[in-house]
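Visitor: Here it is: the structure, laid out below.
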Amino acid sequence: MQEGLTLVFAGGDRRMVTAAKCFAAEGAAVLMTGFDRYGKGEGGLQFVHLPQRAIPRGDAVILPLPYTPGGGILNAPFSEKQILLDTVFRLADRAKVICGGMLPEEDERFFDYYDEPMMLRNADVTAEAALVMAGEKTESCLNGASLLVVGYGRIGKRLAAKARALGCNVTVAARKESDHALIRMCGHHAVGFEGLEDAVGRADVICNTVPAEVFSERILDRIPDGVPLIDLAGSIVGPRVIRAPGLPGKYAPDTAGLILAESLKRIFKREGLL
166 MQEGLTLVFA
176 GGDRRMVTAA
186 KCFAAEGAAV
196 LMTGFDRYGK
206 GEGGLQFVHL
216 PQRAIPRGDA
226 VILPLPYTPG
236 GGILNAPFSE
246 KQILLDTVFR
256 LADRAKVICG
266 GMLPEEDERF
276 FDYYDEPMML
286 RNADVTAEAA
296 LVMAGEKTES
306 CLNGASLLVV
316 GYGRIGKRLA
326 AKARALGCNV
336 TVAARKESDH
346 ALIRMCGHHA
356 VGFEGLEDAV
366 GRADVICNTV
376 PAEVFSERIL
386 DRIPDGVPLI
396 DLAGSIVGPR
406 VIRAPGLPGK
416 YAPDTAGLIL
426 AESLKRIFKR
436 EGLL
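All residue numbers for the sequence shown refer to my numbering, where the first residue is 166 and numbers rise by one.
Following this line, the structure appears as structure tokens:
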């Protein structure tokens, strides 16, 4: 750790606190702003109510995942007031590095820590959290249940694998024929999106990982009453949908925070801050 290094964590959820504690334990001065409603004292962290008193002091400024919910506002669920992104970037003049999740490449100091290793590890946490949620919603064991996973990207792969290990009968709906071959090789059933209407009628639990609109009203109408439809991608509109974005930060903030800290360390090492 570079001697005298000051890090500012601006906004975000509980995983940001865990990541910040990792750096404080290694000797960095760590300031937290946008956490005035957090309500917990944390060893080694300095909570600063006003962003203008914290952000200008940072050698690196760390923003949340995602860094904004839109509208030019910092993603700061623990803040009592809205913090404008323009204000954050203006105050961060001294910072050598500005990190964030899904951060735009508008400045040579901007680094998106949501890289491939972090995406893969977050997918694993998301899959586990989705299965816990599924068990809670069905109020029964998942062993022997029919689970339909829609999409076979990072999260879909981990979700199908973990569900099969629990004893679920797993069907995966995927668009690509090449994915169908891999799905079957992993011991799951495979269907195309054209077979989704029939597949939802046979499922005990449905988990969607596809960010595009693949659930038509006709498909939604075919889902039996009482079958949980867990939307991990935020792409389904309907009264029965269980929306579940950002599960790593909600289900396992300590694990998600450690994953975030590892990604930040990769950036800081490349940029000479560690």
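Quick reminder that beta carbons are idealized off the backbone N, C-alpha and C, glycines included. Every value quoted in this text rests on a predicted model; they were computed, and no experiment measured them.
Can you give the beta carbon distance from N308 to L324, rounded, assuming they're within the 8 Å contact cut?
Guide: At roughly 16 Å, the Cβ-Cβ gap does not stay under 8 Å, so N308 and L324 are not in contact.
Visitor: Sorted by chain position, which residues of the same chain lie with C-beta nearer than 6 Å to R180's C-beta, five sequence neighbours on each side aside?
Guide: Counting only Cβ-Cβ distances below 6 Å, and skipping sequence neighbours, we find G414, P418, A421, G422 and L425.
Visitor: Assuming I220 contacts V262 (C-beta within less than 8 Å), just tell me the rounded distance between them.
Guide: The pair is not a contact, with the Cβ atoms about 13 Å apart (cut-off 8 Å).
Visitor: Considering Cα atoms alone, identify which of E168, R202 and E207 is closest to A184.
Guide: Nearest of E168, R202 and E207 to A184, Cα basis: E207.
Visitor: What would DSSP say about N240, mapped onto helix, strand or coil?
Guide: In this structure, N240 counts as coil in the three-state DSSP scheme.
Visitor: Could you round the C-beta distance between D251 and G265 to whole angstroms and report it? I think they count as a contact, below 8 Å.
Guide: Not quite, the Cβ-Cβ distance comes to about 14 Å (not below 8 Å), so this is no contact.
Visitor: Apply the 10 Å Cβ neighbour rule to M350 and answer buried if 16 or more other Cβ atoms are within range, or exposed otherwise.
Guide: That one is exposed.
Visitor: Name the DSSP bridge partner or partners of A175?
Guide: Answer is T198, bridged to A175.
Visitor: Below 8 Å between beta carbons: does that hold for V335 and V379?
Guide: No, the pair does not count as a contact, with Cβ atoms beyond the cut-off.
Visitor: Where does the unbroken beta strand (DSSP E) through D277 begin, and where does it stop?
Guide: First-last of the beta strand (DSSP E) with D277: F275 to D277.
Visitor: If you count every other CB in all the chains shown that lies within 10 Å of the CB of P305, and 16 or more means buried, which is it?
Guide: Reading the sequence as shown, one finds Ser at residue 305 and not Pro. S305 should be labelled exposed.
Visitor: Grab me the residues of G391's own chain with a C-beta within less than 7 Å of its C-beta, minus the 5 sequence neighbours each way, in chain order.
Guide: Closer than 7 Å at the Cβ level, and outside the excluded window around G391, lies no residue.
Visitor: Note down the Cα distance separating T171 from S311, rounded to an integer number of angstroms.
Guide: Answer to the nearest angstrom: the Cα atoms are 50 Å apart.
Visitor: Quick check on H345: does DSSP put it in helix, strand or coil?
Guide: Reduced to three states, the DSSP call for H345 is helix.
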